[in-house]
Each structure stands twice: as structure tokens, then as C-alpha cells.
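Protein sequences appear in the order of chains A and B. The numbering of the first sequence is the working numbering, which starts it at 20 and goes up by one. The numbering of the second sequence is the working numbering, which starts it at 87 and goes up by one. All C-beta atoms, glycine included, are put in the ideal place defined by N, C-alpha and C. Since the model is a prediction, treat every value here as computed from it, not as a measurement.
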Amino acid sequence: KLGSALNTAISKILRGGPPDKEQIRELKNAMLKALLEADVQFDLAAEVVNEVERKSMDKGLPDGLSRKKSVLSIIHDELSKFLGTRVYPLTLHPDRPTLIMLVGIQGSGKTTTAAKLAKYIQKRGKKVAVVTVDNFRPGAYEQLQQLCSSIKVPVYGDPENKNAVKIATDGVKKFLDEKYNTIIIDTAGRHKEEKALLKEMKELTDKIKPDEIILVVDGNLGQAAHDQASAFAEVTKVGSVIVTKMDGSAKGGGSLSAAVAANVPIKFLADGEDIDSLEEFNPTSFVGRLIG
Amino acid sequence: TDFSIKSIAKVNKELKDILIKNEVAVKTTDEICKRFAKKLSKIEYTRFSNTRSIVLTTLREVLLEILTPSQSIDLIELVKIAKERKNPLVIAFFGVNGVGKTLSIAKIGKYLMDNGYSSVFAAGDTFRAGSIQQLQKHGDNLNIRVIAQNYGSDAAAVAYDAINHATSKGIDVVLIDTAGRMETNSNLMAELQKICKVSEPDLKFFVGDALTGNALISQAKLFNQKIGIDASILNKIDADVKGGAAVSVTHISEKPIIFLGVGQNYEDLESFSVEMILDNILP
Ligand SMILES: Nc1nc2c(ncn2[C@@H]2O[C@H](COP(=O)(O)OP(=O)(O)OP(=O)(O)O)[C@@H](O)[C@H]2O)c(=O)[nH]1
Ligand SMILES: Nc1nc2c(ncn2[C@@H]2O[C@H](COP(=O)(O)OP(=O)(O)OP(=O)(O)O)[C@@H](O)[C@H]2O)c(=O)[nH]1
Ligand SMILES: [Mg+2]
Ligand SMILES: [Mg+2]
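What follows is the structure in C-alpha cells.
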């Protein structure tokens, strides 16, 4: 629906002969507006628009309908460049245990994603277990237990323990002893202003040394997403992003900006609450939806 | 002298950038720029005028108009009125997933208690894993009773249960928790309509996340259209939010923001202040 606004603008602007200065300005404004409405961070959106102008001026636009097609494909390419044009799969060690840690802002969908990821990995023949080090949110342990019971994945938690690092080391040790080869660690929500919680996240990653740290990002996030993600990436070595709640009306530009800010690929998209709603990320369809 | 079309357009372009960077949704930004240009075009100034202060004053007027759409809601006043007519004040909380509905209920339960009023929580999220235990633990922490049934039970029935309990026990307020739901999911929106039809809340509070981008427009629009919003609560303001979401949600719902969530503790609840948002956005 948003894409149709961009589509209409492009069609109108490129109707006649080669576009004049005024038409180019109009086109840039329409593109910028579409990207901002899709929640792409302001500077990134401006960068994309300038690049599209430069590229379409460089090779000169073809006439008629193919002109509109080439502008759209340039926009598509510029956005895809941010995401990497290939698929980045989740790496699981074939010969030794893999530790995955989920971090992110409060309510982004970490706990729900932990269960989804556990099922996804279990389907690939791994023996999966989940540890929750969230000792703050009431009912966090019960939530994860209930989510994982349907897939018979064991959950370790110790909500009474004030030390998240201790819960993590105890849980990981227990599951390694029991020969689980993939352990997912769910953490409490935190944002960039909560310095003590950022410090806790750093301690967790330093002590546990996860093979992959995944930043879980709510697909509804707007302009704030970019700087929040930078802050996470500054504190700890974020390896990838999982975007959640893409079954809403959001276009996902915030999560794209988060991935750019952390300089990591998006590996999965979640588009629903149930445990099967997790798909491997496809940059082409994501960008297609972003610009409609 | 009038402001020229060209100078208004120039200021408007700068204004648009400022608003977007302050997290105001695009649709709301367009509306603000439109109203701002209209007001500015009607202003006459002399060579002694401070045009910069005229621009800032005009902008402040437009933002103030949008941020104070209607009668502000004084919760304590409404509780007093309900007490006088010997009925509990019933409040339903709704919004998309993960915005802080459940924690907001706990915070407001505490706020009411601090003001000498009793409340009961209705565990109306009978769907999500751990939702009932989460609310029950908040209730235990605050010594506030939670009315719940089993997972999978009818949320409207739980709300009805809680209202009967409050009426018979003389409890002042019923706070109804509901499951998070995407505003675009028509089945879930129909379920929420049923909950409200059965419980007939005196107040319907839309709960939003201050970090939300343009989706907030669709959320506010559809929840208002299908359910009706009496006031909004915006959470996670403490995440270094610029405040634009407050402008967007008020613009679309045309209803006031009653509370801001500024942290994860029970006392992290602030009554909405227009000045706080204006100070953030205005240069
Ligand atoms: N519609 C939809 N809801 C989702 C999705 N992922 C998670 N949710 C819901 O979002 C809400 C928050 O999810 P949680 O898993 O509790 O989020 P969290 O990051 O663990 O939250 P904290 O631990 O409090 O930081 C819940 O209602 C989930 O069911 C999704 O892809 N789509
Ligand atoms: N920093 C901060 N965190 C908040 C605020 N309000 C809520 N949270 C956190 O956000 C997360 C989600 O809160 P919930 O109360 O479970 O949200 P919800 O809307 O009930 O979620 P669902 O029922 O799953 O849709 C929890 O980790 C809360 O502690 C706030 O104002 N500031
Ligand atoms: Mg969680
Ligand atoms: Mg809840």
C-alpha cells in the first residue's frame, strides 16, 4: 500500500520526456517520504535517495515505462546493499556445542524467539536446551517453560538468583554435562540508557563466550532503532539480527537501520506469535515489502 | 510584511527534518507542517520583529494544539465519582504485543493504592505463555488481588468475574489486562470488542511503545475505530526517546495521553506533561 504511493509518484514524475531538475527534486522527495514512512533512519534514507539520484543521472534513464522500472530497481539495489544481497544462515558447529545468546530491548520478542529458534534448530537434528538468565521480569521463567514444553526442550532458570552470570554458567554447565549440543540463552530486556544492564550484558558475554549473539529487534521500531542497536553493538559483539512482529503494519525500516547500525546481517524474520512463525531472512522479499 | 511563500517553504523543510528526527510519524509531521505554514502565512511582522521567535512561538502553538486535544483525564477524580455511585471504575488496557500493558496495570494499581484506593487485577490475557503468572506475581508484590481463570478460558468471562468480585467486595477499581494483538488482526480485534461489550469499561486505555515508528499511526487509528480510545499510555520513555510518538498518538486518537512509563519499577509512572514533550522537540 505504501509502495503504491512511491509507484504513483514515480509514474507521475517520469511520465514525460527526460526528467527535469524540478521532477528530480519531486522524485527525491517522494522516495524520501516512502523510506521515512517505512521507518528507515533519516540519514540512511537520505543516503539512499542521493545514491539513487546519482546512479540514475550517471547512466541516464531510459525512456518511458522502463525508466520507472529502472528507478525502482536502483532503489531496490541500494536498500539491498545495506542488507547484503546473499542469505546468511545460522552457523551451528557440527563437532562441538553451539552457544547462542539473545539480547534486545524490553518486549522485543526474545523469549518467544528463543522457543521458536529452539524448534527450528531441533528440526535440524540438534539436541537443544534453553537457559533463561532473566531474573527480573515476573513470570519470565514460567513463560519460557510453557513455550518450550510443547517441543520438549528443557529449560533452566533460577529467578531467585540475583546473579545473571551465575545462572548462565550453571545452566550452560548442566546442559553441556547432559550432552546438549545447542544451548540458547534468553536474557532480560534492556535499552541503551540502562548502563547497569548493558554492563551485565557485557559480563554475560565475556563469561559465557557465546558463538553467536543475536539482537532481537521489534519490526515496529521507528527512528530510535538505529542508535539503540549501535549502543548494543558497542557493548558486545552482536553477530546478527532477528526481526519480530512483521505480521503488523510496520514495513521494517527500523530493523533494517538497526542491522546497518550494528553492521550485521538479518538472519530471521518472525511474523506471528506461534512457535512456527520464524522464517530464514530473504533480503529480496524484505526490501520488496519495504518499498511496496 | 508577510512571510513569503518561499521563506515559509524553507522553514517548513527544516521543521519536517526536526520532527522526523524527533520520532514524529510522517503523517503527523505533514499535518504539523501544514498547520504551521497556514498560521505563519497569516502573520504580519515589522522590521523590528524577531522573526525567529515568531517562528518558534507559532510552532509551539501548533504542537500545543495537537498535544491537548480534549479534556484531560484525572483518574483520581473519576475514581471518586465512581465511588459516589457505588460502582467500581472499570478500566480496560489494550495494545499490540510487548508495549507494557501488564506492567502499566501493576504501576497504576500501586498509584491508586498510594492515593488510598483499592483495585483488583483481571487476568484477561488467557492466551500468552506465562501471562497469568506474570500478573499474579505483580499482584503478590503489591498485595493486590488478581482474578484469573485457566489459560484458554474466555477473556470476557474473566473480566466479568473480576467486576462482580469488585462490586461485591466494594473494591474501587477493576484493571483489565488483555493479550497483545496486532491492530491488523481482525479476529483478535473482534475478540477485544467482545471483551469491551461484556465488561463495559468506564475507561479504555490504549497502551503504546514510545519507540514505535509509523506503525503507531495504524495502531491508534484502528484501536480507536474498532474499540474506542479514552486515553493513551506511552511506555519506555526512559529509553532516551525524543517524544515524537506522543505527538503522533495524540494527533491520530484525538485523545489525551494520561500516563508515561519511564522505567520498569512500580513507581516509574508519570502523569503526562505537555511541557516535557515540547521541551524535547522545540529547539
Ligand atoms: N504478533 C507477534 N507477536 C510477537 C512476535 N514475537 C513475539 N511476539 C509477542 O510479543 C510479546 C513480547 O514477547 P516476549 O517474548 O515476551 O518479549 P521479550 O523480548 O522476551 O520481552 P522482555 O523479556 O520483557 O524484554 C509477546 O506478546 C509475544 O507473544 C511476532 O513475531 N509477532
Ligand atoms: N524500560 C522500560 N521498560 C518497560 C516499560 N514498560 C514496560 N516495560 C518492559 O517491557 C516489557 C514488556 O512489558 P509487559 O508489561 O509484559 O508488556 P505487555 O504489553 O503486557 O506484553 P504482552 O502482554 O506480551 O503483549 C517488560 O520487560 C517490562 O518490564 C517502561 O516504561 N520502561
Ligand atoms: Mg523475555
Ligand atoms: Mg501482558
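Does DSSP put residue i in a helix, in a strand, or in coil?
i	result
residue 365 of chain B	helix
residue 20 of chain A	Unreliable positioning characterises residue 20 of chain A in this predicted model, as indicated by a pLDDT of 36, which lies under 50. The coordinate reading is nonetheless provided below. Of the three classes helix, strand and coil, the one that applies to residue 20 of chain A here is coil, per DSSP.
residue 295 of chain B	strand
residue 306 of chain A	helix
residue 207 of chain B	strand
residue 220 of chain A	helix
residue 321 of chain B	strand
residue 237 of chain A	strand
residue 359 of chain B	coil
residue 259 of chain A	strand
residue 90 of chain A	helix
residue 115 of chain B	helix
residue 265 of chain B	coil
residue 120 of chain B	helix
residue 330 of chain B	helix
residue 265 of chain A	coil
residue 155 of chain A	coil
residue 101 of chain A	helix
So which residues of chain B does residue i contact, with C-beta pairs closer than 7 Å?
i	result
residue 264 of chain A	183
residue 26 of chain A	What residue 26 of chain A touches in chain B: nothing, since even the nearest Cβ is about 17 Å away.
residue 231 of chain A	Per Cβ cutoff of 7 Å: no residues; residue 231 of chain A is ~23 Å from chain B at best.
residue 158 of chain A	216, 219, 220, 223
residue 176 of chain A	By Cβ distance, chain B contributes nothing, its closest Cβ being about 11 Å from residue 176 of chain A, past 7 Å.
residue 273 of chain A	299
residue 161 of chain A	216, 219
Give a yes or no on whether the C-beta atoms belonging to residue i and residue j are separated by under 8 Å.
i	j	result
residue 303 of chain B	residue 168 of chain B	no
residue 202 of chain A	residue 191 of chain A	yes
residue 153 of chain B	residue 122 of chain B	no
residue 103 of chain A	residue 270 of chain B	no
residue 325 of chain B	residue 212 of chain A	yes
residue 96 of chain B	residue 61 of chain A	no
residue 255 of chain A	residue 285 of chain A	no
residue 187 of chain A	residue 223 of chain A	yes
residue 374 of chain B	residue 323 of chain B	What the structure shows of chain B is the stretch from 87 to 369, and residue 374 of chain B is not part of that stretch, so it cannot be assessed.
residue 58 of chain A	residue 300 of chain B	yes
residue 129 of chain A	residue 205 of chain A	yes
residue 347 of chain B	residue 190 of chain B	yes
Between the alpha carbons of residue i and residue j, how many angstroms are there, rounded?
i	j	result
residue 142 of chain B	residue 91 of chain B	18 Å
residue 218 of chain A	residue 200 of chain A	28 Å
residue 21 of chain A	residue 239 of chain A	Annotation note: pLDDT 40 at residue 21 of chain A (below 50); position unreliable, coordinate value reported separately. Each residue's alpha carbon lies about 15 Å from the other.
residue 249 of chain A	residue 236 of chain A	12 Å
residue 311 of chain A	residue 94 of chain B	32 Å
residue 242 of chain A	residue 264 of chain B	28 Å
residue 90 of chain A	residue 271 of chain A	21 Å
residue 131 of chain A	residue 138 of chain A	11 Å
residue 291 of chain A	residue 275 of chain A	19 Å
residue 101 of chain A	residue 92 of chain A	15 Å
residue 345 of chain B	residue 159 of chain B	10 Å
residue 125 of chain A	residue 137 of chain B	43 Å
residue 334 of chain B	residue 287 of chain B	25 Å
residue 98 of chain A	residue 222 of chain B	45 Å
residue 128 of chain B	residue 28 of chain A	31 Å
residue 100 of chain B	residue 41 of chain A	19 Å
Could you tell me which chain A residues have their CB closer than 8 Å to the CB of residue i, listed as they occur along the chain?
i	result
residue 270 of chain B	266, 267, 268
residue 112 of chain B	52, 55, 56
residue 107 of chain B	61, 242
residue 295 of chain B	126, 237, 239
Listing by chain order, which chain B residues have their CB less than 9 Å from the CB of residue i?
i	result
residue 166 of chain A	215, 216
residue 245 of chain A	Residues of chain B passing the Cβ test: none, with the nearest at roughly 11 Å.
List, in chain order, every chain A residue whose beta-carbon is nearer than 9 Å to that of residue i.
i	result
residue 304 of chain B	267, 268, 269
Can you pull the chain A residues whose beta carbon is under 7 Å from the beta carbon of residue i, in chain order?
i	result
residue 301 of chain B	239, 267, 268, 269
Select from the stretch 206 to 226 of chain B all residues with a C-beta closer than 9 Å to any C-beta belonging to chain A, and list them in chain order. If you check each beta-carbon in the stretch 206 to 226 of chain B against every beta-carbon of chain A, the ones closer than 9 Å belong to 213, 214, 215, 216, 217, 218, 219, 220, 221, 222, 223, 224, 226.
Chain A contacts from the stretch 322 to 348 of chain B (Cβ-Cβ distance under 8 Å): Residues 322, 324, 325, 326, 327, 328, 330, 331.
Beta carbons nearer than 9 Å to chain B: which residues of the stretch 88 to 105 of chain A have them? Listed in chain order, the positions of the stretch 88 to 105 of chain A with a beta carbon within less than 9 Å of a beta carbon of chain B would be empty, since no residue qualifies.
Determine which residues of the stretch 198 to 228 of chain A have a Cβ less than 7 Å from any Cβ of chain B, and write them out in chain order. The stretch 198 to 228 of chain A vs chain B, Cβ under 7 Å: 210, 211, 212.
Selection of the stretch 111 to 129 of chain A by Cβ proximity to chain B, strictly under 8 Å: Flagged, chain order: 124, 125, 126, 127, 128.
Contact residues within the stretch 158 to 189 of chain B, judged by C-beta distance below 7 Å to chain A: Those would be 182, 183, 184, 185, 186, in chain order.
Using a Cβ-Cβ cut-off of less than 7 Å, list which residues of the stretch 132 to 144 of chain A approach chain B; keep chain order. Answer in chain order: no residues at all.
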